[in-house]
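Engineer: Numbering (the numbering used here), first residue to last: 4 to 238. The structure is given below, and queries will be raised subsequently.
If you want it as structure tokens, here you go:
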């Protein structure tokens, strides 16, 4: 019965979840904390981890694995989540599981759409750019994760033959450009990354032995970090 702690700090949402899997109950969510306030990840993540394990009646030593949303997403957020997960794995001698953030987002909504629909999670990037991928309703990736600059023709090849559901905080950029297409559906409810579905996917990865090398693992940034140059102040 693996007990898995999951973390997601890939966007401004900071979330922690605890899952227990066994033959009788399946994948059981024991607890989940989600904070939607700005700049919470670094300040609150370790506190949430301690609280969620303790309040569920376990200790950190009883964990069987640590799972983390590996990206894409915020450069700083990903660094915080992955470094925290790796630190726990080293300290507790536990395996590390990494889950694509977009795959975990898709897991939140895929049971609610017909089998012939396609699902396109989007995370807001700079300007008119989003991080996105395309999945079928079985959760299988049919277009790999990319950083995409959005224009009127960005998804023409998919929309020509498929109904595509766009969701996530990056979808707002896309809606004014292709929202009028008859095959484009935009979720009115905002879908944000969550450790709840990172943990759901992590239990399957645990059973299949899909672990990362803790020492060498790095977040899935997708593109290089670009620092904004500071303005020179003259006195």
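Cβ coordinates follow ideal geometry from the N, Cα and C atoms, glycine included. Since the model is a prediction, treat every value here as computed from it, not as a measurement.
Please identify the residue among 17, 81, 24 whose C-alpha is closest to the C-alpha of residue 50.
Structural biologist: Locating residue 50 in the chain shown gives position 47, counting from the first residue. Residue 50 has its Cα closest to that of 17, out of 17, 81, 24.
Engineer: Measure from the alpha carbon of residue 36 to the alpha carbon of each residue in 148, 171, 159, 197, then state which is nearest.
Structural biologist: As a first step, residue 36 must be located in the chain shown, where it is residue number 33. Answer by Cα proximity: 197.
Engineer: For residue 88 versus residue 102, is the C-beta distance shorter than 8 Å?
Structural biologist: Residue numbering aside, residue 88 sits at position 85 when the chain shown is read from its first letter. Residue numbering aside, residue 102 sits at position 99 when the chain shown is read from its first letter. In this structure, the beta-carbon distance from residue 88 to residue 102 does not fall below 8 Å.
Engineer: Ignore the nearest five residues each way along the sequence and tell me which others in residue 152's own chain have a CB closer than 6 Å to its CB.
Structural biologist: To locate residue 152, count along the chain shown from 1; it is residue 149. Contacts found: 131, 132.
Engineer: For residue 125, count the other beta carbons within 10 Å of its own beta carbon; 16 or more makes it buried, fewer makes it exposed. Which is it?
Structural biologist: Locating residue 125 in the chain shown gives position 122, where the first residue counts as 1. With 16 or more other Cβ atoms within 10 Å, it is buried.
Engineer: Classify residue 158 as buried or exposed, calling it buried when 16 or more other Cβ atoms lie within 10 Å of its own Cβ.
Structural biologist: The count along the chain shown starts at 1 and reaches residue 158 at position 155. Here residue 158 is buried. Its C-beta has 16 or more other C-beta atoms within 10 Å.
Engineer: Look at the alpha carbon of residue 40 and the alpha carbon of residue 46, and state the distance between them as a whole number of angstroms.
Structural biologist: Along the chain shown, read from residue 1 onward, the residue named residue 40 stands at position 37. Along the chain shown, read from residue 1 onward, the residue named residue 46 stands at position 43. Roughly 11 Å between the two C-alpha positions.
Engineer: Starting from residue 25, follow its DSSP beta bridges and name the residues at the other end.
Structural biologist: Taking the first residue of the chain shown as 1, we reach residue 25 at position 22. Answer by DSSP bridge pairing, in chain order: 29.
Engineer: Taking the beta strand (DSSP E) that residue 3 falls in, what are its first and last residues?
Structural biologist: Examination of residue 3 is not possible in this model, given that the chain is present from 4 through 238 alone.
Engineer: Can you tell me whether residue 108 is buried or exposed? The criterion is at least 16 other CB atoms within 10 Å of its CB, across all chains shown.
Structural biologist: The count along the chain shown starts at 1 and reaches residue 108 at position 105. The residue is buried, with at least 16 neighbouring Cβ atoms inside 10 Å.
Engineer: By the three-class DSSP mapping on this structure, what secondary structure does residue 16 have?
Structural biologist: Here residue 16 refers to the residue found at position 13 when the chain shown is read from its first residue. In the three-state scheme derived from DSSP, where H, G and I count as helix and E and B as strand, residue 16 is classed as coil.
Engineer: From this set, 206, 215, 62, 222, which residue's C-alpha is nearest residue 23's C-alpha?
Structural biologist: Along the chain shown, one-based indexing puts residue 23 at 20. Residue 23 has its Cα closest to that of 206, out of 206, 215, 62, 222.
Engineer: If we call anything under 8 Å between Cβ atoms a contact, is residue 55 one with residue 215?
Structural biologist: As a working mapping, residue 55 is identified with position 52 in the chain shown. As a working mapping, residue 215 is identified with position 212 in the chain shown. Taking C-beta atoms as the reference points, residue 55 and residue 215 fail to come closer than 8 Å.
Engineer: Which of the three DSSP states, helix, strand or coil, is assigned to residue 154?
Structural biologist: Translated into positions along the chain shown, residue 154 becomes position 151. The answer is coil: DSSP assigns residue 154 none of H, G, I, E or B.
Engineer: Check for me: the alpha helix (DSSP H) holding residue 124 runs from which residue to which?
Structural biologist: The residue labelled residue 124 in the question sits at position 121 within the chain shown. First-last for residue 124: 121-127, but that is the beta strand (DSSP E), not the alpha helix (DSSP H).
Engineer: Candidates 121, 221, 112: which alpha carbon is nearest residue 139's?
Structural biologist: To locate residue 139, count along the chain shown from 1; it is residue 136. Nearest C-alpha to residue 139: 121.
Engineer: Starting from the C-beta of residue 9, find all residues in its chain whose C-beta is less than 6 Å away, skip the five residues before and the five after it, and write them out in chain order.
Structural biologist: Taking the first residue of the chain shown as 1, we reach residue 9 at position 6. Cβ neighbours of residue 9 beyond the five flanking positions: 20, 70, 198, 201, 202, 205.
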